[in-house]
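Scroll down for the structure; my scribbles are underneath it.
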Amino acid sequence: QKEVEQDPGPLSVPEGAIVSLNCTYSNSAFQYFMWYRQYSRKGPELLMYTYSSGNKEDGRFTAQVDKSSKYISLFIRDSQPSDSATYLCAMSDSGGSNYKLTFGKGTLLTVNP
Amino acid sequence: KAGVTQTPRYLIKTRGQQVTLSCSPISGHRSVSWYQQTPGQGLQFLFEYFSETQRNKGNFPGRFSGRQFSNSRSEMNVSTLELGDSALYLCASSLGQGVQYFGAGTRLSVL
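First to last, the sequence lines map onto chains A and B. Just so you know, we're using our numbering here: the first sequence kicks off at 4 and counts up by one. Just so you know, we're using our numbering here: the second sequence kicks off at 519 and counts up by one.
Here's what the structure looks like:
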């Protein structure tokens with residue numbers, strides 16, 4: 004079983020749709036949960052991060068973490084063509100000698116005008 | 519605040535050669551991590567440096583090495599290049615835990 008599982012898609016939605024992206028994980032030591040957006044041939048750009056469980060909202064984006072289910076989600080409201088990219092979930096534990104990010108494989112999202 | 523800077527952006531090498539990639543982290547960040555990204559494997563962790571010390575290393579052969587300087591800048595070296603080393607190499611900086619901020623990457627092609 005991989006440490007982080009993410010549906011690779013591809014996911015195609017019309018402009019204005021609500022998009023739901025999800026990841027599951029197996030390592031209960033993970034404390035930090037991040038979502039990155041990566042455009043083609045660019046580096047990953049941090050979108051949202053959450054420490055431990057709970058929800059966080061930033062504009063059209065909402066991140067949710069359910070540690071009891073080992074499940075995280077990213078919701079995009081009123082999706083725009085400019086949201087078309089690959090979305091990567093990433094997680095890490097509390098740091099120290101084992102510090103690294105573990106990534107999902109990424110979900111390719113296309114928002115059609 | 520300036521972001522993470524990686525140089526060069528593109529490299530073409532032949533098998534057997536070696537290559538050095540450079541990364542300048544965000545000012546004040548003492549941790550630099552390196553990742554390899556390929557279509558098949560996704561983002562895989564190479565190693566992490568904090569205050570010039572390698573704290574963590576991923577499952578890559580010894581041909582992959584790195585170092586960090588006193589100003590937190592980091593270099594990654596790959597010796598005896600193989601075709602399978604063709605990838606996007608990403609550097610990320612952080613305060614030492616939690617969130618990491620990525621550079622644009624160096625795209626390495628091995629012919």
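Ideal placement from N, C-alpha and C gives every residue a C-beta, glycine not left out. Note that the structure is a prediction, hence the values are computed from the model and not measured.
For residue 61 of chain A, the enclosing beta strand (DSSP E) starts and ends at 57-61.
Ranked by Cα distance from residue 575 of chain B, the options A:14, A:15, A:101 and A:115 are led by A:101. Taking a C-beta cut-off of 7 Å against chain A, none of the residues of the segment 522-538 of chain B qualify. Residue 17 of chain A has A:115 as its beta-bridge partners, per DSSP. A distance of 9 Å or more separates the beta carbons of residue 560 of chain B and residue 62 of chain A. Between residue 539 of chain B and residue 593 of chain B, the alpha-carbon positions lie close to 5 Å from each other.
Boundaries of the beta strand (DSSP E) around residue 68 of chain A: 64-69. Of all residues in the segment 12-35 of chain A, only 35 come within less than 7 Å of chain B when Cβ atoms are compared, listed by chain position. DSSP places residue 577 of chain B outside both helix and strand once states are collapsed to three, so it counts as coil.
Among the residues of chain A, those whose CB is under 7 Å from the CB of residue 574 of chain B are 100, 101, 102 and 103, following chain order. Among the residues of chain B, none has a CB under 7 Å from the CB of residue 42 of chain A; the nearest is roughly 10 Å distant.
Residue environment for residue 86 of chain A: buried (at least 16 other C-beta atoms within 10 angstroms of its C-beta). Only 560, 561, 563 and 566 from the segment 560-571 of chain B bring a Cβ to less than 7 Å from some Cβ of chain A. Interface criterion not met: the Cβ of residue 554 of chain B is under 9 Å from no Cβ in chain A.
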